[in-house]
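There are 2 protein chains.
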Amino acid sequence: MISVAEARERILAALRPTPAEIVPLAAAWNRVSATVVQARLTQPPRDVSAMDGFSLRAADGVLGARLRVVGTTPAGHPWPGTVGPGEAVRIFTGSIIPDGADAILLQEDAARNGDSVTVNEAVRTGRYIRRAGQDFASGDVLVPGGKRLNARDIGLMAAGNHPWVAVHRRPRIAILATGDEIALPGEPIPTGGIVSSNSHALAALVRACGGEPTVLPVAPDDRAAIAAVADAVEGMDMLVTTGGASVGEHDLVQEALTGRGMQLDFWQIAMRPGKPLMHGRLGRVSMLGLPGNPVSALITGILFLLPAIERLSGLPGDPPPVSTATLGAALDANDHRADHLRARLEQRDGALVATAFSRQDSAMLRLLTLADALILRPPHAPALAAGEQVPIVRLDLLGL
Amino acid sequence: MISVAEARERILAALRPTPAEIVPLAAAWNRVSATVVQARLTQPPRDVSAMDGFSLRAADGVLGARLRVVGTTPAGHPWPGTVGPGEAVRIFTGSIIPDGADAILLQEDAARNGDSVTVNEAVRTGRYIRRAGQDFASGDVLVPGGKRLNARDIGLMAAGNHPWVAVHRRPRIAILATGDEIALPGEPIPTGGIVSSNSHALAALVRACGGEPTVLPVAPDDRAAIAAVADAVEGMDMLVTTGGASVGEHDLVQEALTGRGMQLDFWQIAMRPGKPLMHGRLGRVSMLGLPGNPVSALITGILFLLPAIERLSGLPGDPPPVSTATLGAALDANDHRADHLRARLEQRDGALVATAFSRQDSAMLRLLTLADALILRPPHAPALAAGEQVPIVRLDLLGL
């Protein structure tokens, strides 16, 4: 059995970022940039006013001066003339400063009277003027490659005049649930059967991570049916299976896919829940075999599939972010397997308190949905008293 | 001028959750449930084995006993008989416990020899058996109404046999940028013009919050063109405009829409950046007028549009989550306007340190994209020294 960290490294080492595709800017939110994005223009393009008021020569803007208003320049309508001595041009936020002018008289500091305006507050050269290129100059890097694009990045790329963006293609993740006992929601359930939940939960996880899930039909516990999946996953970036990864006679995935040429990397990890976890490669497709029980499938999905999709997307593939909480109740010492305790979070006296559920049964999906966090217990972690600090993964922030 | 909190309350008070629609379970991730979702079956449906091994009568499972293997019951294939004294049935994780049996002998504690099996470790009644309904019983609430559905909820609803889910329709948000100076990315830019960034950044924000943006064509600074928008927004839940909300002569939105029957609620907030912020109602459509400069538009979007979309989605509409950081550099006392300082976050000796940028110009979009957080400065907040605690909004966690 290998460690969680080594398993993650080996899974990531086998993955390369997907190639780039072009998407319209409006569809680029939350995608990962495939190239550096540079400004195609200078912003602002010229010196512009930061306020509504009057543009004038600073020398003229002394208290009590009365100037002749010779024009007006709304934003988008530059004034073609030159502001001379004793003259002012009405100006607005974003308007280009007319030639000759080098100061702004604020609207609220001006008394307009027909064609003239009186200065009620002395101006200062350059004040309320945004210099050309103050935000960015043509050629400046606006967004680096390999960045998940947020709303601000979208705005900045728009401002830099990019209608299209090169992003990494969404990773294509095929999801296969196996087992004779499994039915799809709403379909007839065989006696003793259960409804498939793993495929749908993992498909949601893939979506949450920015991947494109393809849910394959459920495969029965039949070698030929499972082996046929090898053909169905061509063109995918990864195949994720659930079930079939333990040592039971009816766990045929490993056997069936090895028979179709799968190179097995490892199949057991020193962790709980989820000791049986398989990693391999089927031709060009990476293969991740998750445990069949729903809690284990989701937790191993968060620990291994999430970083794998990120790596495929052009990101580093960091583990889910770990923060710290105060223990709400004591914990026993841990054995040799890293544990991931389902826990509730609450704010108490300004501190974030994590309390593990008393039941940690890995078949209880409803309990998992009530968890706000996983408390991480490394192998051989000592017993801890309430009040001590523990590392946690916040599920509530991941959308998972 | 009203406070940020009052403005938010008034905006939210005018909004009702959108009606429900049915979506397939596979499309329900990140949507908001419109009804309580109850289990349609009991899980597990009967007592099942939690492990691979043999099912038997507990009385027979004493150390050294040798039992006759009378059958095998893979998951999904219940054994039709009754386990008698001295008998055992091969069983697997998830298989229904056969009649007569009340204990599990683990595979690793059993020595199989042809038709018989020897007990190498005494069994205990009920151990390794998952009781019927241990996860949930038919009729149990799996997901409350008004919850944003995460990957675990999707899995749980699947397990509860729901192929469809009732969710609130995505809020439809129309976005209108106004101004003669504005061009779309990639289109010809007039002299003195700039490229529209607000519409695209706000559309990304709407998407990030689970709404459906409709970006309207840019309206020139022309009363009739802006007034025509009143017809374009029928059926929308909200109209968001940018620009046109200050007091300049060319800020026509308020005038044009009031002429079309807009009921104005307020139009100024005691905050920075973004003092001019308009709220009203145009027929059945809520109207939010954001400032024209890109930094102000995005920050007011985060403070007001984000909770508005959440309220429309069936969530409470909480303000963006506020956490705490240690100040990296001193701050001056604040005036009467709530301020939102763009800041960088870093981990220093285990503490999260927030340092405001020295330039806070609200026209500098690139600087905003480099910010990890907003430091919240309430009206009349006192000067603070480095090392003191400040409330922050983490932009890096919002995808905004």
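So the protein sequences, as listed, match chains A and B. Here this note's numbering is used: the first residue of the first sequence is 327, the next is one more, and so on. Here this note's numbering is used: the first residue of the second sequence is 327, the next is one more, and so on. Glycine is no exception: its CB is placed at the ideal position from the N, C-alpha and C atoms.
Legend entry - Within 7 angstroms of chain A by C-beta, residues of the stretch 684-698 of chain B in sequence order: 689, 690, 691, 692, 694, 695
Legend entry - Neighbourhood of residue 464 of chain B by C-beta, 7 angstroms cutoff - its chain only, sequence neighbours within 5 removed: On the second sequence, residue 464 of chain B is found 138 positions in, with the first residue counted as 1. A distance below 7 angstroms between beta-carbons, with the five flanking residues on each side excluded, links residue 464 of chain B to the following residues of its chain, in chain order: 365, 366, 367, 368.
Inset, instruction - Throw me the rounded Cβ distance for the residue 373 of chain A and residue 430 of chain A pair, which I believe falls under 8 angstroms. - result: Counted from its first residue, the first sequence places residue 373 of chain A at position 47. Counted from its first residue, the first sequence places residue 430 of chain A at position 104. Contact doesn't hold; Cβ gap of about 10 angstroms is too wide.
Inset, instruction - Find out if the Cβ-Cβ distance for the pair residue 712 of chain B, residue 641 of chain B is shorter than 7 angstroms. - result: Numbered from 1 along the second sequence, position 386 holds the residue referred to as residue 712 of chain B. Numbered from 1 along the second sequence, position 315 holds the residue referred to as residue 641 of chain B. Not a contact, by the Cβ cut-off of 7 angstroms.
Inset, instruction - Name the two residues that bound the continuous alpha helix (DSSP H) containing residue 629 of chain A. - result: Counting from one through the first sequence, the residue named residue 629 of chain A turns up at place 303. Element bounds for residue 629 of chain A: n/a, residue is neither H nor E.
Inset, instruction - Name, please, each residue of chain A whose Cβ falls closer than 7 angstroms to the Cβ of residue 533 of chain B. - result: Numbered from 1 along the second sequence, position 207 holds the residue referred to as residue 533 of chain B. Chain A residues near residue 533 of chain B: 355.
Inset, instruction - Tell me whether residue 483 of chain A sits in a helix, a strand or coil according to DSSP, three-state version. - result: Taking the first sequence and counting its residues from 1, the one referred to as residue 483 of chain A is at position 157. Residue 483 of chain A falls in the helix class under three-state DSSP.
Inset, instruction - Consult DSSP for residue 409 of chain A and reduce its assignment to one of helix, strand or coil. - result: Residue 409 of chain A sits at position 83 when you count from the first residue of the first sequence. DSSP places residue 409 of chain A outside both helix and strand once states are collapsed to three, so it counts as coil.
Inset, instruction - Using a cut-off of 9 angstroms between C-beta atoms, extract the partners of residue 522 of chain B located in chain A. - result: One-based indexing of the second sequence puts residue 522 of chain B at position 196. Within 9 angstroms Cβ-Cβ: 484, 485.
Legend entry - Chain-ordered chain A contacts of residue 468 of chain B [CB-CB under 7 angstroms]: Along the second sequence, one-based indexing puts residue 468 of chain B at 142. Near residue 468 of chain B (Cβ distances below 7 angstroms), the residues of chain A are 692.
Legend entry - Cβ-based burial, residue 507 of chain B [other Cβ within 10 Å; buried from 16]: By one-based count along the second sequence, residue 507 of chain B stands at place 181. Burial call: buried.
Inset, instruction - Compute the beta-carbon to beta-carbon distance between residue 413 of chain B and residue 394 of chain B, rounded to the nearest angstrom, for a pair I have assumed lies under 8 angstroms. - result: Sequence index remark: in the second sequence, residue 413 of chain B carries index 87 (1-based). Sequence index remark: in the second sequence, residue 394 of chain B carries index 68 (1-based). So it is a contact: roughly 5 angstroms between Cβ atoms.
Inset, instruction - Compute the Euclidean distance between the alpha carbons of residue 548 of chain A and residue 703 of chain A, then round it to the nearest angstrom. - result: Locating residue 548 of chain A in the first sequence gives position 222, where the first residue counts as 1. Locating residue 703 of chain A in the first sequence gives position 377, where the first residue counts as 1. When the Cα atoms are used, residue 548 of chain A and residue 703 of chain A turn out to be separated by approximately 37 angstroms.
Legend entry - Any C-beta of chain A under 7 angstroms from that of residue 592 of chain B: By 1-based counting over the second sequence, the position of residue 592 of chain B is 266. Taking Cβ atoms only, chain A never reaches closer than 7 angstroms to residue 592 of chain B, which makes this a no.
Inset, instruction - Find the residues of chain A that neighbour residue 462 of chain B, judging by a C-beta separation of less than 7 angstroms, and give them in chain order. - result: Looking up residue 462 of chain B in the second sequence gives position 136. When 7 angstroms is used as the limit between beta carbons, residue 462 of chain B is near these residues of chain A: 692, in chain order.
Legend entry - C-alpha gap between residue 691 of chain A and residue 461 of chain B, whole angstroms: The residue you call residue 691 of chain A lines up with position 365 of the first sequence. The residue you call residue 461 of chain B lines up with position 135 of the second sequence. The alpha-carbon atoms of residue 691 of chain A and residue 461 of chain B are separated by roughly 7 angstroms.
Inset, instruction - Taking only the alpha-carbon atoms, compute the straight-line gap between residue 696 of chain A and residue 651 of chain A and give it to the nearest angstrom. - result: As a working note, residue 696 of chain A is residue 370 in the first sequence. As a working note, residue 651 of chain A is residue 325 in the first sequence. Roughly 18 angstroms separates the two Cα atoms.
Inset, instruction - Determine whether the Cβ of residue 726 of chain B lies closer than 7 angstroms to any Cβ atom of chain A. - result: Walking along the second sequence from the start, residue 726 of chain B turns up at place 400. Chain A contact via Cβ: present.
Legend entry - Continuous alpha helix (DSSP H) assignments of at least 4 residues falling wholly in the stretch 591-672 of chain A: Here the runs fully enclosed are 620-626, 632-639.
Legend entry - Three-state secondary structure assigned by DSSP to residue 530 of chain A: Stepping through the first sequence from its first residue, residue 530 of chain A is reached at position 204. Helix.
Legend entry - Cα-Cα separation between residue 594 of chain B and residue 546 of chain B, rounded to whole angstroms: By one-based count along the second sequence, residue 594 of chain B stands at place 268. By one-based count along the second sequence, residue 546 of chain B stands at place 220. Roughly 23 angstroms separates the two Cα atoms.
Legend entry - 7 angstroms Cβ cutoff met for residue 643 of chain B and residue 338 of chain B: To locate residue 643 of chain B, count along the second sequence from 1; it is residue 317. To locate residue 338 of chain B, count along the second sequence from 1; it is residue 12. Contact: yes.
Inset, instruction - Kindly indicate if chain B contains any beta-carbon less than 7 angstroms away from that of residue 478 of chain A. - result: For the purposes of this step, residue 478 of chain A is taken as residue 152 along the first sequence, with counting starting at 1. Yes, because at least one Cβ of chain B sits closer than 7 angstroms to the Cβ of residue 478 of chain A.
Inset, instruction - Quick one: give me the first and last residue of the beta strand (DSSP E) that residue 682 of chain A is part of. - result: On the first sequence, residue 682 of chain A is found 356 positions in, with the first residue counted as 1. 677-682 is the span of the beta strand (DSSP E), which, as asked, contains residue 682 of chain A.
Inset, instruction - Step through the CB atoms of chain B and report whether any lies within less than 7 angstroms of the CB of residue 456 of chain A. - result: Taking the first residue of the first sequence as position 1, residue 456 of chain A is located at position 130. Yes, residue 456 of chain A counts as interfacial toward chain B.
Inset, instruction - State the DSSP-derived secondary structure class of residue 347 of chain B, mapped to helix, strand or coil. - result: The count along the second sequence starts at 1 and reaches residue 347 of chain B at position 21. Note: residue 347 of chain B maps to strand in three-state DSSP.
Legend entry - Minimum Cβ-Cβ distance from residue 551 of chain A to chain B less than 7 angstroms: Position 225 of the first sequence, counted from the first residue, corresponds to residue 551 of chain A. Residue 551 of chain A does not count as touching chain B.
Inset, instruction - Determine the contact status of residue 497 of chain B and residue 639 of chain B, defining contact as a CB-CB distance below 7 angstroms. - result: Position 171 of the second sequence holds residue 497 of chain B. Position 313 of the second sequence holds residue 639 of chain B. Their beta carbons are under 7 angstroms apart, which means residue 497 of chain B touches residue 639 of chain B by this criterion.
Inset, instruction - State yes or no: is the beta carbon of residue 708 of chain A nearer than 7 angstroms to at least one beta carbon in chain B? - result: The residue given as residue 708 of chain A occupies position 382 in the first sequence. So no, residue 708 of chain A is outside the interface.
Inset, instruction - Would you mind reading off the limits of the beta strand (DSSP E) that contains residue 500 of chain B? - result: Locating residue 500 of chain B in the second sequence gives position 174, where the first residue counts as 1. Start and end: 498-503.
Legend entry - residue 422 of chain A versus residue 586 of chain B: straight-line alpha-carbon distance, rounded: Counted from its first residue, the first sequence places residue 422 of chain A at position 96. Counted from its first residue, the second sequence places residue 586 of chain B at position 260. Approximately 32 angstroms between the Cα atoms of the pair.
Inset, instruction - Name the one or two DSSP bridge partners that residue 518 of chain B has. - result: Within the second sequence, the letter at position 192 stands for residue 518 of chain B. According to DSSP, which records beta bridges pairwise, residue 518 of chain B is partnered with nothing at all.
Legend entry - Three-state secondary structure (DSSP) of residue 450 of chain B: Here residue 450 of chain B refers to the residue found at position 124 of the second sequence. In this structure, residue 450 of chain B counts as coil in the three-state DSSP scheme.
Legend entry - Coil, strand or helix - residue 551 of chain B by DSSP: As a first step, residue 551 of chain B must be located in the second sequence, where it is residue number 225. Residue state, collapsed to three classes: helix.
Legend entry - For residue 538 of chain B, three-class secondary structure by DSSP: Within the second sequence, numbered from 1, the residue matching residue 538 of chain B stands at position 212. The answer is strand: DSSP assigns residue 538 of chain B an E or B state.
Inset, instruction - State yes or no: is the beta carbon of residue 632 of chain A nearer than 7 angstroms to at least one beta carbon in chain B? - result: For the purposes of this step, residue 632 of chain A is taken as the residue at position 306 of the first sequence. For residue 632 of chain A, no Cβ of chain B is located within less than 7 angstroms of the residue's own Cβ.
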